[in-house]
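Participant:
Residue numbers (my numbering): 3 to 170.
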């Protein structure tokens with residue numbers, strides 16, 4: 003069973019490294035559109051609807067702050083390493099390894115990177131939420147869509163939204 007898992011992992015990494023690496027490497031600028039802002043706001047509202055009415059505005063504000071997309075994203079994939087810079091923060095992650103502990107304005111958590119179906123997937127786990135981001139290149143490497151799944155087990159809600167970037 004381990005040999006099969008290793009083979010699948012190797013094929014997934016080969017697929018990512020040969021095709022997606024070139025299309026993901028570089029600097030990306032947020033393509034801030036009304037459709038995407040509304041999609042993210044709808045996801046926030048869907049989650050906030052699961053908490054008591056008195057706490058909804060506080061939960062909505064925290065989610066707006068923590069899910070706000072970075073304006074500029076730089077990715078560099080080389081062999082088993084991902085270096086990702088978001089505005090002023092930089093992460094260095096190894097594919098399919100133990101999560102790395104990080105901290106930011108919204109608290110502490112663990113971040114890991116892997117491949118799934120030939121796509122890069124970033125997972126961020128905090129004590130109260132899990133965010134999974136699938137990086138999907140498009141339009142001949144000129145655009146990048148981040149497909150975000152946000153799960154908050156304590157209130158039993160999962161929401162999805164997309165954020166689009168254009169190559170800078």
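A virtual CB, placed ideally from N, CA and C, is assigned to each residue, including glycine.
Hey, would you say residue 148 sits closer than 7 Å to residue 168, going by beta carbons?
Facilitator: Taking the chain shown and counting its residues from 1, one reaches residue 148 at position 146. Taking the chain shown and counting its residues from 1, one reaches residue 168 at position 166. Taking 7 Å as the Cβ cut-off, residue 148 and residue 168 do not qualify as a contacting pair.
Participant: In angstroms, rounded to a whole number, what distance separates the CA positions of residue 45 and residue 80?
Facilitator: Walking along the chain shown from the start, residue 45 turns up at place 43. Walking along the chain shown from the start, residue 80 turns up at place 78. Those two C-alpha atoms are separated by around 33 Å.
Participant: Where does the unbroken beta strand (DSSP E) through residue 154 begin, and where does it stop?
Facilitator: Looking up residue 154 in the chain shown gives position 152. Looking at the DSSP string, the run of the beta strand (DSSP E) that includes residue 154 is 145-154.
Participant: DSSP three-state call for residue 94: helix, strand or coil?
Facilitator: Here residue 94 is taken as the residue at index 92 of the chain shown, counted from 1. Here residue 94 sits in strand by DSSP.
Participant: Looking only at its own chain, which residues have a Cβ that is under 6 Å from the Cβ of residue 152, when we skip the five neighbours before and after it?
Facilitator: Your numbering for residue 152 matches position 150 in the chain shown. Around residue 152: 133 and 161.
Participant: Quick one: Cα of residue 68 to Cα of residue 86, how far?
Facilitator: In the chain shown, residue 68 corresponds to position 66, counting from 1. In the chain shown, residue 86 corresponds to position 84, counting from 1. Straight-line Cα distance between these residues: approximately 18 Å.
Participant: Can you tell me the Cα-Cα spacing of residue 73 and residue 54, whole angstroms?
Facilitator: To locate residue 73, count along the chain shown from 1; it is residue 71. To locate residue 54, count along the chain shown from 1; it is residue 52. Taking the straight line joining both Cα atoms gives about 32 Å.
Participant: Here's the rule: buried if 16 or more other CB atoms are within 10 angstroms of the residue's CB, otherwise exposed. What is residue 42?
Facilitator: Here the question's residue 42 lines up with position 40 in the chain shown. So residue 42 ends up on the buried side.
Participant: What is the rounded straight-line gap between the Cα of residue 32 and the Cα of residue 123?
Facilitator: Locating residue 32 in the chain shown gives position 30, counting from the first residue. Locating residue 123 in the chain shown gives position 121, counting from the first residue. Cα to Cα, the separation comes out at about 19 Å.
Participant: Classify residue 137: buried if its beta carbon has 16 or more other beta carbons within 10 angstroms, exposed otherwise.
Facilitator: Residue 137 sits at position 135 when you count from the first residue of the chain shown. By the neighbour-count rule (16 or more Cβ atoms within 10 Å), residue 137 is buried.
Participant: Anyone know if the C-beta pair for residue 76 and residue 29 falls short of 7 Å?
Facilitator: Numbered from 1 along the chain shown, position 74 holds the residue referred to as residue 76. Numbered from 1 along the chain shown, position 27 holds the residue referred to as residue 29. It is a contact, given that the beta carbons lie within the stated cut-off.
Participant: Would you mind reading off the limits of the beta strand (DSSP E) that contains residue 88?
Facilitator: As a first step, residue 88 is located in the chain shown; it is residue number 86 there, counting from the start. Looking at the DSSP string, the run of the beta strand (DSSP E) that includes residue 88 is 83-88.
Participant: Under 6 Å Cβ to Cβ from residue 157, same chain only, skipping five residues before and after it: list those, please.
Facilitator: One-based indexing of the chain shown puts residue 157 at position 155. Taken in chain order, the residues that qualify are 52 and 53.
Participant: Taking the beta strand (DSSP E) that residue 37 falls in, what are its first and last residues?
Facilitator: Residue numbering aside, residue 37 sits at position 35 when the chain shown is read from its first letter. Note, residue 37: premise wrong, no beta strand (DSSP E); alpha helix (DSSP H) at 36-50.
Participant: For residue 138, write down the residues that DSSP places opposite it in a beta bridge.
Facilitator: If you number the chain shown from 1, residue 138 lands on position 136. Residue 138 pairs with 147.
Participant: Grouping DSSP H, G and I as helix and E and B as strand, with all else coil, what is residue 102?
Facilitator: As a first step, residue 102 is located in the chain shown; it is residue number 100 there, counting from the start. If DSSP states are grouped into helix, strand and coil, residue 102 belongs with the strands.
Participant: When the Cα of residue 103 is compared with those of 82, 126, 48 and 83, which residue comes out closest?
Facilitator: Mapped onto the chain shown, residue 103 falls at position 101. The candidate whose alpha carbon is nearest that of residue 103 is 126.
Participant: Quick check: what's the CA-CA separation for residue 82 versus residue 91?
Facilitator: Here residue 82 corresponds to residue number 80 of the chain shown, with the count starting at 1. Here residue 91 corresponds to residue number 89 of the chain shown, with the count starting at 1. Taking the straight line from one Cα to the other gives about 20 Å.
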